[in-house]
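Taken in sequence, the protein lines are chains A and B. If you count the first sequence from 1, position 13 lands on 13 in this note's numbering, and the numbers rise without skipping. If you count the second sequence from 1, position 62 lands on 1062 in this note's numbering, and the numbers rise without skipping. Here is the structure we will look at.
Number of protein chains: 2
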Amino acid sequence: MSKTDRRIGKTQEAIKDAVIDLMSEKNFDDITIRDISDRANVSRGTIYLHYLDKYDLLDKLVESHINELREICIMGADLDYFSGSPLWTEYFEQNYSFFSLMLASKGAPYFRTRFLDFLIEQFKQEVDVTKGKNKGLTNEVIVRFVASAFVGVVEWWFINDKPIPHHVLAEQLGLLFERNL
Amino acid sequence: MSKTDRRIGKTQEAIKDAVIDLMSEKNFDDITIRDISDRANVSRGTIYLHYLDKYDLLDKLVESHINELREICIMGADLDYFSGSPLWTEYFEQNYSFFSLMLASKGAPYFRTRFLDFLIEQFKQEVDVTKGKNKGLTNEVIVRFVASAFVGVVEWWFINDKPIPHHVLAEQLGLLFERNL
DNA sequence: CAACCTGTGTTCACTAATAAACAAATTGCG
DNA sequence: CGCAATTTGTTTATTAGTGAACACAGGTTG
Chain A
1 MSKTDRRIGK
11 TQEAIKDAVI
21 DLMSEKNFDD
31 ITIRDISDRA
41 NVSRGTIYLH
51 YLDKYDLLDK
61 LVESHINELR
71 EICIMGADLD
81 YFSGSPLWTE
91 YFEQNYSFFS
101 LMLASKGAPY
111 FRTRFLDFLI
121 EQFKQEVDVT
131 KGKNKGLTNE
141 VIVRFVASAF
151 VGVVEWWFIN
161 DKPIPHHVLA
171 EQLGLLFERN
181 L
Chain B
1001 MSKTDRRIGK
1011 TQEAIKDAVI
1021 DLMSEKNFDD
1031 ITIRDISDRA
1041 NVSRGTIYLH
1051 YLDKYDLLDK
1061 LVESHINELR
1071 EICIMGADLD
1081 YFSGSPLWTE
1091 YFEQNYSFFS
1101 LMLASKGAPY
1111 FRTRFLDFLI
1121 EQFKQEVDVT
1131 KGKNKGLTNE
1141 VIVRFVASAF
1151 VGVVEWWFIN
1161 DKPIPHHVLA
1171 EQLGLLFERN
1181 L
């Protein structure tokens, strides 16, 4: 685990922040590399040191958040749903601008699918259809059911601009998971 | 006027912000170079690329703001006091954390003197004791009078946490300048 | 007293970021 | 349409930032 040069982190952070910032102003396709480099206060060439093009940049941006969520899953692997849910909702809270942009705006259906796929991948390991409340159900049905429900609730939370505190959201999600998994 | 490498601006900005940030938490003498480099997210050695030591850093920080104010004086040279004052108060507003720290806290008498000296230097050129309302007065007296008054009002504004909007402050200062210069 | 820790200031080899130039592709306007 | 302007992606030499090591100066503790 070689510690990476702090310059890399700083410029990538600046670039990603710039993209999120710009996406709240105009359509992703209308954003130029120059827009991004200007906003990030970074040389245009520097962007190409890290990304192939702006689509690769968006990909990696999404990817990095999915990976963070995956980390959270690992951290909370042996917690129950009530203890684990706040980890999620805290992360949503901390990265509000990103998720809000990706879920609450009509322009980015791409992320929704990506997010749903990730959730399905996670839940697949959790569900047991051989015993308990879900005995007899099809694994794919219950997984899809819970994952879709989760995305729906999270979307609602962002679209309505955090109508309840994240820990309350976590609590209620914990209850619903308990009931269905 | 060769445009400087943007890296220089970014790291200097980060370092200066870090110092201001830290000074609001503890005494300047208790701040270490490592504190600064950590807070600024910069290598410790990088600080020495720009500054001799932390005292030089504080000096240059103060100096840079005085120079900005000097620029503002030049810009507003042919404006009357009512048009020129907002330039000042806007700058105060924009750099609130710095001036508030330097004027509103007891710990930094150094800047007050520096600021007063600068104002005296500026006003000295403006005052005319050969004619008008100040005919017969001693140049040094009227200059000192107005400069001290200005510092006092600005201190009041910061100590009391911006009790009036900056443009209202500007308006009233304009009136007082008009009356005395 | 010695051993220890912390901060300072400097050096060094290495790496990432920079600005500028470039040809090629794309866009947009008259 | 055709021409101009802009954007893209790449390359280049140069520069700033990096982290690690170092000797040295206090200060603290046992």
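Glycine included, each C-beta is placed from N, C-alpha and C at the ideal position.
The straight-line gap separating the alpha-carbon atoms of residue 25(A) and residue 31(A) is approximately 9 Å. Within the model, the alpha-carbon separation for residue 1018(B) versus residue 67(A) is close to 30 Å. Counting every other CB atom within 10 Å of its CB across the protein chains shown gives residue 40(A) a total of 16 or more, marking it as buried. Listed in chain order, the non-local C-beta contacts of residue 1119(B) below 7 Å within the same chain comprise 1147, 1150 and 1151, local neighbours out to five positions each way being set aside. Close to residue 1006(B), with beta-carbon spacing below 9 Å, are these residues of chain A in chain order: 41, 42 and 43. When rounded, the separation of the alpha-carbon atoms in residue 1154(B) and residue 5(A) is 43 Å. Taking residue 94(A) as reference, the option from 76(A), 167(A), 78(A) and 111(A) with the minimal CA-CA separation is 167(A). Taking all protein chains shown into account, residue 23(A) has 16 or more neighbouring C-beta atoms within 10 Å of its C-beta and is therefore buried.
Here residue 1040(B) carries a helix assignment [DSSP, helix/strand/coil]. Scanning chain A for C-beta atoms nearer than 9 Å to the C-beta of residue 1131(B) yields nothing, as the closest lies near 51 Å away.
Along the stretch 6 to 31 of chain A, the positions whose C-beta sits under 7 Å from a C-beta of chain B are 6 and 10, read in chain order. The beta-carbon separation of residue 124(A) and residue 141(A), rounded to 12 Å, does not stay under the 8 Å limit for a contact. In the three-state DSSP reduction, residue 81(A) falls in the helix class (H, G or I). Sequence-distant Cβ neighbours of residue 1127(B) in its own chain, meaning closer than 7 Å and more than five residues away, are 1134, 1139, 1142, 1143 and 1181.
Ranked by Cα distance from residue 1170(B), the options 1101(B), 1158(B) and 1087(B) are led by 1087(B). Within a 10 Å sphere around the beta-carbon of residue 1084(B) sit 16 or more other beta-carbons, which makes this residue buried.
Boundaries of the alpha helix (DSSP H) around residue 1174(B): 1166 to 1180.
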